[in-house]
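The structure appears right after this line, and notes come after that.
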Amino acid sequence: MDEFKHPLFFEVKYLTDKEKDKVRRHFQKRWDSGGGDCGMIEKAGGNTCKICFKEIQDQERVLQRKIHNISLPSGDLYLIVSQSYCPETPDQPSTSQPKTPTEVNTKGLEKIFKLDIFLMFFQRDNPKAYKLLQKQLSCIGCQVELDFEEEEAVVRGDIEKGPGGAFGGAEQWELQVDRVLINFTERYLCYHVVEPKKAKILLQDLSFVTDDIKVYREGGYPVVVGETEAVHEKIAILEKSLTTRKELPIVEKLFKLVEEEFSREMFAKYPEVQINIGRAMVTLEGPDKEVQSGANTLEELKKKVKEKRVKLSTALMTFIGSSGAVSKYQTRFQQSLRNPVSLEVGSELVMSSLSSDALDEAEATLLRDFDLANVKLQGALAAPPDLDRLKEILFKAKNEANS
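Heads up: the sequence shown runs through residues 1 to 403, numbered per full-length UniProt numbering.
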């Protein structure tokens, strides 16, 4: 397409359609290849393929690496990219044909790698890390020089001194150098701490800086550099030292249903979080990440509360609502059932709990315990003064039963 005007070329004998898609995706991902928006892979001639980029900056970043390693189901594919394509002619030897030693430039090889400036600072300040890189490169006959102004590492070598001598060729030398630099950069992590609270603690606490961990400033925020595992450990310590206080409004009746389960989970998973329970409010205080996780736990438990509606006669509903039966049965259920059950009297009796089994047991208990009997009064009992005397006896019995 006309919008993709910046081509790159590479040699490969054969690619299936699926493999072409994977190679194209590699060149589309900036973090993989340095590339960006690009067209389809096309044949340029012979074993040479072409891929065109929309932006010249993407093309230039891909060229900086020159050799790209792509994992395919059939194995690793190494592509050497170039900006120009020179088709073979009968007068020109094929790249697969052997050349005489005088035609091979075996000395003065140089390769430039763009490095994170903070990783370069780390090598400058940590002799052990820099010596490790020097040692790995010396094994393949190379030396490295750090150029801080250009933010790059310049690797120079003599392939005759490396494994395999000149027979391996410049391409093989370049692959070996790539492997060393890629493995080295993946060994270390530059972690940018941009959250203000964490940045403040990190810059004030000198214990974070050791021989193997360095902290640098970038635009007012710190960057932690070191071996990946060690940096992750330091960041975990930093997060634990950052305390947060979070207030979570919640209806008291609802919290009583989830309180036991919530406390159990918090104690097991986030023991460093302090829980304060007030009126219609739960306050969590502790490490920032754990407090947020605790808030999420409470929210998830609230969503798990189930309801069950029980239809009872109006007379029974009035009795349950006026006799204090609600609080008595809620206390009873809390003691006898696995999960608490709340009761609410309205047009229906509404029961709520985290457990469906607890709701079923509570319903069975209520239906078994409550009953309504209509007794028709006859004769003298149906009229005063005997009726008044009967009412007095019944009220007295009710009060004794409810006391």
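The beta carbon of each residue, even a glycine, is placed where N, CA and C say it ideally should be.
### Alpha carbon of residue 221 to alpha carbon of residue 134, nearest angstrom
The residue you call residue 221 lines up with position 221 of the sequence shown. The residue you call residue 134 lines up with position 134 of the sequence shown. Each residue's Cα considered, the two are about 30 Å apart.
### Message
To test your reading of the DSSP string, which unbroken beta strand (DSSP E) runs of 3 or more residues are found completely within the region 142-226?
### Response
Here the runs fully enclosed are 142-147, 152-157, 188-192, 213-218.
### Query
Any idea what DSSP makes of residue 382, helix, strand or coil?
Translated into positions along the sequence shown, residue 382 becomes position 382. DSSP, read as helix, strand or coil, puts residue 382 in helix.
### N-terminal and C-terminal residue of the alpha helix (DSSP H) that residue 291 is part of
Position 291 of the sequence shown, counted from the first residue, corresponds to residue 291. For residue 291, the enclosing alpha helix (DSSP H) begins and ends at 288-304.
### Task
With DSSP as the reference, label residue 343 as helix, strand or coil.
Along the sequence shown, one-based indexing puts residue 343 at 343. Of the three classes helix, strand and coil, the one that applies to residue 343 here is strand, per DSSP.
### Query
Rounded to whole angstroms, how far is the Cβ of residue 338 from the Cβ of residue 358, which I believe are closer than 8 Å?
Within the sequence shown, residue 338 is the residue found at index 338, counting from 1. Within the sequence shown, residue 358 is the residue found at index 358, counting from 1. Contact holds; Cβ gap of about 6 Å.
### Query
At what residue ranges does the UniProt domain "PAR14-like first RRM" (17-81) contain a whole run of the beta strand (DSSP E), taking only runs of 3 or more?
If we require 3 residues or more, the beta strand (DSSP E) runs fully inside the UniProt domain "PAR14-like first RRM" (17-81) come out as 42-45, 48-53, 67-72, 75-80.
### Query
So, using beta-carbon positions, are residue 119 and residue 190 closer together than 8 Å?
One-based indexing of the sequence shown puts residue 119 at position 119. One-based indexing of the sequence shown puts residue 190 at position 190. It is a contact, given that the beta carbons lie within the stated cut-off.
### Task
Helix, strand or coil for residue 376, going by three-state DSSP, please let me know.
Looking up residue 376 in the sequence shown gives position 376. Residue 376: coil per DSSP, three-state reduction.
### Message
Measuring only the C-alpha atoms, how far is residue 33 from residue 53?
### Response
Locating residue 33 in the sequence shown gives position 33, counting from the first residue. Locating residue 53 in the sequence shown gives position 53, counting from the first residue. As the crow flies, the alpha-carbon of residue 33 is around 12 Å from that of residue 53.
### Query
Taking C-beta to C-beta, are residue 224 and residue 213 nearer than 8 Å?
Here residue 224 refers to the residue found at position 224 when the sequence shown is read from its first residue. Here residue 213 refers to the residue found at position 213 when the sequence shown is read from its first residue. Judged by their CB atoms, residue 224 and residue 213 are nearer to each other than the 8 Å cut-off.
### Task
Using the Cα positions of residue 36 and residue 47, report the straight-line distance between them to the nearest angstrom.
Walking along the sequence shown from the start, residue 36 turns up at place 36. Walking along the sequence shown from the start, residue 47 turns up at place 47. C-alpha separation (whole angstroms): 24 Å.
### Query
In three-state terms, what does DSSP make of residue 332?
Mapped onto the sequence shown, residue 332 falls at position 332. It is helical.
### Message
Taking the alpha-carbon of residue 421 as reference, which of 128, 132, 171 has the nearest alpha-carbon?
### Response
Absent from the model: residue 421. The displayed extent of the chain is 1 to 403, so no value can be given.
### Query
At what residues does the alpha helix (DSSP H) containing residue 132 begin and finish?
Along the sequence shown, one-based indexing puts residue 132 at 132. Counting along the chain, the unbroken alpha helix (DSSP H) around residue 132 starts and ends at 127-138.
### Message
So, for residue 22: in the same chain, excluding its five sequence neighbours on each side, which residues have a beta-carbon less than 7 Å away from its beta-carbon?
### Response
Here residue 22 refers to the residue found at position 22 of the sequence shown. Here the set comprises 70, 72.
### Task
Measure the CB-CB distance between residue 273 and residue 281 and report whether it falls below 8 Å.
Counted from its first residue, the sequence shown places residue 273 at position 273. Counted from its first residue, the sequence shown places residue 281 at position 281. No; because the gap between Cβ atoms is not below 8 Å, this pair is not in contact.
#### Entry: Member of 342, 39, 377 whose CA lies at the smallest distance from the CA of residue 251
Indexing the sequence shown from 1 puts residue 251 at position 251. Comparing Cα-Cα distances from residue 251 to each of 342, 39, 377, the minimum goes to 342.
### Query
From what residue to what residue does the alpha helix (DSSP H) around residue 262 run?
Position 262 of the sequence shown, counting from 1, holds the residue named residue 262. Where residue 262 is concerned, the enclosing alpha helix (DSSP H) stretches over 252-269.
### Task
Please list, in chain order, all residues of the same chain as residue 244 whose beta carbon is under 6 Å from its beta carbon, the five residues on each side excluded.
For this step, residue 244 is matched to residue 244 along the sequence shown. Non-local beta-carbon contacts of residue 244 in its own chain, meaning distances under 6 Å to residues more than five positions away in sequence, involve 288, 291 in chain order.
### Task
Could you tell me whether the region 224-241 touches the region 187-204, where touching means 3 or more Cβ pairs closer than 8 Å?
Judged by Cβ distances under 8 Å, the region 224-241 makes contact with the region 187-204, as three or more pairs qualify.
### DSSP three-state assignment for residue 311, whether helix, strand or coil
Residue 311 sits at position 311 when you count from the first residue of the sequence shown. Note: residue 311 maps to coil in three-state DSSP.
#### Entry: Candidates 38, 262, 347: closest to residue 5 by CA position
As a first step, residue 5 is located in the sequence shown; it is residue number 5 there, counting from the start. Measuring C-alpha to C-alpha distances from residue 5 to each of 38, 262, 347 identifies 38 as the nearest.
### Query
From residue 321 to residue 202, what distance separates their C-alpha atoms?
Reading the sequence shown from its first residue, position 321 is the one you call residue 321. Reading the sequence shown from its first residue, position 202 is the one you call residue 202. C-alpha separation (whole angstroms): 59 Å.
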